[in-house]
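Q: What follows is a structure written as structure tokens; I'll ask about it next.
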Amino acid sequence: MPYMLLLIALIVLLIAFIIWYISVSNRLNRAIIKIDEANSGIDVALTKRYDVLTKMMNVVKDYARHEKEILFEIVKLRNNMSIEEKSEANDKMNHNLDQIKLLAENYPELRSSENYKTLQQAISDVEEHLQAARRMYNSNVSILNQSIVTFPDKIVAGMKRITKRDFFEAEESKRQDVDIDL
Numbered sequence: 047m048p049y050m051l052l053l054i055a056l057i058v059l060l061i062a063f064i065i066w067y068i069s070v071s072n073r074l075n076r077a078i079i080k081i082d083e084a085n086s087g088i089d090v091a092l093t094k095r096y097d098v099l100t101k102m103m104n105v106v107k108d109y110a111r112h113e114k115e116i117l118f119e120i121v122k123l124r125n126n127m128s129i130e131e132k133s134e135a136n137d138k139m140n141h142n143l144d145q146i147k148l149l150a151e152n153y154p155e156l157r158s159s160e161n162y163k164t165l166q167q168a169i170s171d172v173e174e175h176l177q178a179a180r181r182m183y184n185s186n187v188s189i190l191n192q193s194i195v196t197f198p199d200k201i202v203a204g205m206k207r208i209t210k211r212d213f214f215e216a217e218e219s220k221r222q223d224v225d226i227d228l
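The sequence shown finishes on residue 228 if you use my numbering, and the numbering steps up by one all the way, no holes.
Spelled out as structure tokens, the structure:
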């Protein structure tokens, strides 16, 4: 009878150990998957940053170049006005002073400043998204690293040969910031 109780106790301990092992193993596997997912999130954010910012920079550059050309044309036309034409234009401007505040010297409405603001907002948005992806990755790495150095999870991690993961460090060639050259 005492042998039977001892055998039952050993079986219960073995079953408890197996359940514990499976539970810890599954938790570690989920942590590894979350790290891989977060790493992919960083790649998505980097791709988004590159795509969005390079396209927006091209739009802003083209629009600024277009406005510059228009302004130079207006100045060139005004330089070719006779004294009478300039005097007549001056009289009209003095007469409509309130309207001049909105239409200063008949310059076209400048829109590139809005493009620059949009570009600045896009830069801020993509950088925040990238920062969030990096934080998520590092958070998941921290969870795994803490698990594999904490007893008793350390036993399962050692049996499965799970090692500590490195925190995010940008590779120079792959993860350079976009050069904003306007």
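Cβ atoms here follow ideal geometry from the backbone N, Cα and C, with glycine treated the same way.
On a predicted model such as this, the values are computed, not experimentally measured, just so you know.
Report yes if the CB atom of Tyr67 is closer than 7 Å to the CB atom of Val202, and no otherwise.
A: Yes; because the gap between Cβ atoms is below 7 Å, this pair is in contact.
Q: CA-CA distance, Tyr183 and Ala84?
A: Cα to Cα, Tyr183 sits roughly 5 Å from Ala84.
Q: How many Å lie between Asn186 and Lys210 at the Cα?
A: Their Cα atoms are separated by approximately 11 Å.
Q: Give me the Cβ distance between Leu190 and Ala77, rounded to the nearest whole Å; I'm assuming they're in contact under 8 Å.
A: So it is a contact: roughly 4 Å between Cβ atoms.
Q: Buried or exposed for Asp199, please, with buried defined as at least 16 other CB atoms from any protein chain shown within 10 angstroms of its CB.
A: When all chains shown are included, Asp199 counts as buried.
Q: So what does DSSP say about Phe63, is it helix, strand or coil?
A: In this structure, Phe63 counts as helix in the three-state DSSP scheme.
Q: Could you pull the start and end residues of the alpha helix (DSSP H) that Asp199 belongs to?
A: Residues 199-205.
Q: Quick check: the Cα distance between Leu176 and Asp97, rounded to an integer number of angstroms?
A: Approximately 13 Å, taken between the alpha carbons.
Q: Kindly indicate which residue of Leu92, Ser193, Phe197 has the alpha-carbon position closest to the one of Asp171.
A: Selected option, being the one with the closest Cα: Leu92.
Q: Just the C-alpha distance for Met103 and Arg95, rounded to the nearest angstrom, thanks.
A: Distance between the alpha carbons of Met103 and Arg95: 12 Å.
Q: Write down the C-beta distance between Ala179 and Ile57 rounded to the nearest angstrom, noting that I regard them as a contact closer than 8 Å.
A: Not confirmed; about 47 Å, so no contact.
Q: Would you report the Cα separation of Leu60 and Ile169, rounded to the nearest angstrom?
A: Cα to Cα, the separation comes out at about 57 Å.
Q: Residues in its own chain within less than 8 Å of Asn142 by CB, not counting five upstream and five downstream?
A: Any answer about Asn142 is weak, because its pLDDT of 46 lies below 50 and its placement is not dependable; what the coordinates show is given next. Excluding sequence neighbours, Asn142 sits near nothing in its chain.
Q: Let me know if Ile65 comes out buried or exposed under the rule of 16 or more other beta-carbons within 10 Å of its beta-carbon.
A: Answer is exposed; the Cβ neighbour count stays below 16.
Q: Out of Thr164, Phe197, Ser71, Asp82, which one is the CA nearest neighbour of Phe214?
A: Taking only the C-alpha atoms, the option nearest Phe214 is Asp82.
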